[in-house]
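Numbering (this note's numbering), first residue to last: 23 to 748.
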């Protein structure tokens, strides 16, 4: 049969250099890569009745059957492939918009024929399988016709339905839009070579395909214009001249240029391809067509142009295609790894969770221990806050920072009163010891604490005198009730609980943020949601509750009577009192000095004022240092005792909150959340809840595995072509 035999003219479709590249594209297509990536291809398109099928027939020398509306109601993919045996295989590639059931049914369509005379019935069967007829005139499904033979070139050409200008009795507005969308979906692909076929029977300015080509390929870098039916032009007419100017690329410019073909007329279908080509050569060697360069007219030169165009196109596009292929394969591989192995049984699910728990537990341990070598921890972002989202994976650093800020806040805002003039400080200060950033203190804590009240020592003593008078017991004059220190301390430290509770809440929140990041890094969204529900949230809630309970116990201890065996208390108390008397004596010494003007030097008299210490004046003033007001004396003692005890307890409180509340109850339990022994205690029901795959996940895995197989086969095809295969 004519279609299954190689012809001399057909060899023009591929050069020796091109053959290897075309073989590679064929292997990529057979691997299914066209469903994943855009492969280089030739698309024949044009308006209805433009002669597209005749152009395709002339290029391939395949005698397509002649029947009205045949091969124009859906895209037809012609695949020519070199093989030892000659054969013709037909199948339908379903549109992606079809339902899964429809796709499955259409994929069952598979026919093998031995002669092209059988093709009309095959196309009729495909038309029926696609559901065409009646109100449905066109389809997005693709009929794939694979033609194999020992001397055939490797080539794939797609014949698209002709564009419709407007609806009519047999073609609806929906049909117009469907074909327009179908054609655009092909010609918009960057690796598609467009053979834009226009008929000389109609004004080219009105042929829709040219507008579409310029829309998606403005410079014509991928478009080769093909003019058919020049035999309908009147020789020597202005119309003929304008068409010849178009072919010379003088009107509508395409980088790839234009080409002129004369196909068989309606009464020449019985002519062989050799006869067809001969009549075409005769036609183009007469009249004004004889003036055209041989390179832009006739089927022989078109094949040569296509050969060179394909070769250059493939050399340019295949390296880019390989890069895209490798990137996509890597992306799919990562997603498959993220999904983990298939887990249909409880054993599979336990094994899957064991891997996940191991990975998550390792990251948690690293975060707690401050070991940030893994990729998960990312680079340090010094432009963002230490406890900001960008740095929150470094949990130990965040906890250390929060503990430090808690200590600063306790030192600067923990007291109700700030007394100046203690510890040798000047009484002229008007603000407290610095102030932490306002945004570090939550509004609730700021509201409950209020502003620290600044008092001079005299004001503080005066206030304590009033407290002493209202708190007298059996103590002797000049001393104070032992409970006085308790009451003063409780009042002075009343803000501690709020500050500590806010700190515990902050740390708990950062621990949760850290675990969320670990899960986002190690788990699928489905597993993350389930593990949060079953494990993480309950564990964090229990840890937070335990931390607040521990804080409550510590606060209860604060409200008991003062107890300390820390020598810091006595050291501070003695230093405070010593400094108090040192200041008193220093002031008395200054008051005991006299100033005398003395003559100095010789000649003109000069006088200099000198200061002399008068012991008798100093000794007589000693008595004035003794505080005779016994309530005031007791208040002085109570204030110093309060100050020393407060500082001692504050140090203890800061440490105990960091150790017992934060570390014991909030940070340390994180090590247990993903511990292997926790997984071992889960029931089969819990394991199933955590690890069972949803229908969507199963379908997603199947899709990814199928795609990965295609991509790997594509990579293997590249390696084989590059001489790297085994």
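Yeah, the Cβ is synthetic: ideal placement off N, Cα and C, and Gly gets one too. These figures come from a predicted structure and were not determined experimentally.
Q. Is there contact between the segment 650–670 and the segment 484–504, where contact requires at least three CB pairs shorter than 8 Å?
A. yes
Q.
Here's the rule: buried if 16 or more other CB atoms are within 10 angstroms of the residue's CB, otherwise exposed. What is residue 453?
A. Per-residue confidence for residue 453 stands at a pLDDT of 42, beneath the threshold of 50, marking its modelled position as unreliable; the derived number appears in the next sentence. Within 10 angstroms of the beta-carbon of residue 453 lie fewer than 16 other beta-carbons, which makes it exposed.
**Q.** Collapsed DSSP secondary structure at residue 707 in the structure displayed
**A.** helix
Q) Would you call residue 411 buried or exposed, if buried means 16 or more other Cβ atoms sit within 10 Å of its Cβ? A) exposed
Q) CB residue 133 to CB residue 145, shorter than 7 Å? A) no
Q | Length of the line joining the Cα atoms of residue 50 and residue 64 | A | 15 Å
Q: Please state whether DSSP places residue 586 in a helix, a strand or coil.
A: coil
Q: Classify residue 566 as buried or exposed, calling it buried when 16 or more other Cβ atoms lie within 10 Å of its own Cβ.
A: buried
Q. DSSP state of residue 496, grouped into three classes?
A. coil
Q.
As a quick exercise: from 593, 163, 138, 177, pick the residue whose alpha carbon is nearest that of residue 150.
A. 163
Q. Hey, residue 594 and residue 669: beta-carbon distance below 7 Å or not?
A. yes
(Q) Just verifying my parser: in three-state terms, what is the DSSP assignment at residue 738? (A) helix
Q) Are the segment 70–81 and the segment 175–192 touching, with three or more C-beta to C-beta distances below 8 Å? A) yes
Q.
Between the alpha carbons of residue 520 and residue 563, how many angstroms are there, rounded?
A. Distance between the alpha carbons of residue 520 and residue 563: 19 Å.
Q | Length of the line joining the Cα atoms of residue 736 and residue 111 | A | 22 Å
(Q) Going by DSSP, what residue range makes up the alpha helix (DSSP H) through residue 690? (A) That residue, residue 690, is in no alpha helix (DSSP H); it is neither H nor E in DSSP.
Q | Secondary structure of residue 277, DSSP reduced to three states | A | coil
Q | 6 Å CB neighbourhood of residue 746 in its chain, flanking five on each side removed | A | In this prediction, residue 746 scores a pLDDT of 48, lower than 50, which makes its location untrustworthy; no coordinate-derived value is stated.
Q | Runs of beta strand (DSSP E) lying entirely within the segment 160–186, each at least 3 residues, in chain order | A | Within the segment 160–186, the complete beta strand (DSSP E) runs of at least 3 residues are 164–171, 177–181.
Q: Quick one: measure Cβ to Cβ for residue 152 and residue 733, integer angstroms, because I've assumed they're closer than 8 Å.
A: That pair is no contact at about 29 Å.
Q: Measure the C-alpha to C-alpha separation of residue 188 and residue 196 and round it to an integer number of angstroms.
A: 10 Å
Q.
My parser needs the beta strand (DSSP E) runs of 3 or more residues fully inside the segment 340–384; what are they?
A. none
Q: Could you pull the start and end residues of the beta strand (DSSP E) that residue 476 belongs to?
A: 475–478
Q.
Let me check one thing: in DSSP terms, what residues is residue 404 bridge-paired to?
A. Note: residue 404 sits in no beta bridge, so no partner.
Q.
Give me the residue from 318, 302, 179 with the minimum Cα distance to residue 266.
A. Minimum Cα-Cα distance from residue 266 among the listed residues 318, 302, 179 corresponds to 318.
Q) Looking only at its own chain, which residues have a Cβ that is under 6 Å from the Cβ of residue 230, when we skip the five neighbours before and after it? A) 69, 185
Q: Drop a sphere of 10 angstroms on the beta-carbon of residue 207, count the other beta-carbons inside from all chains shown, and report buried for 16 or more, exposed for fewer.
A: Classification of residue 207: exposed, given that the 10 Å Cβ count is below 16.
Q: State buried or exposed for residue 514, treating a residue as buried only when at least 16 other CB atoms are found within 10 Å of its CB.
A: buried
Q. From this set, 558, 602, 303, 657, which residue's C-alpha is nearest residue 697's C-alpha?
A. 558
Q.
Quick check: the Cα distance between residue 221 and residue 166, rounded to an integer number of angstroms?
A. 26 Å
Q. Is there contact between the segment 307–315 and the segment 272–280, where contact requires at least three CB pairs shorter than 8 Å?
A. Because the criterion of three Cβ pairs below 8 Å is not met, the segment 307–315 and the segment 272–280 do not touch.
Q: Specify the secondary structure class of residue 297 as computed by DSSP and reduced to three states.
A: Of the three classes helix, strand and coil, the one that applies to residue 297 here is helix, per DSSP.
(Q) Below 8 Å, how does it come out for the segment 660–680 and the segment 587–603: are there three or more Cβ pairs, yes or no? (A) Touching, per the Cβ criterion.
Q: Could you give the DSSP three-state label for residue 718: helix, strand or coil?
A: helix
Q.
Within the continuous alpha helix (DSSP H) that includes residue 127, where are the two ends?
A. 122–129
**Q.** Beta-carbon separation (whole angstroms), residue 570 vs residue 526, contact threshold 8 Å
**A.** 6 Å
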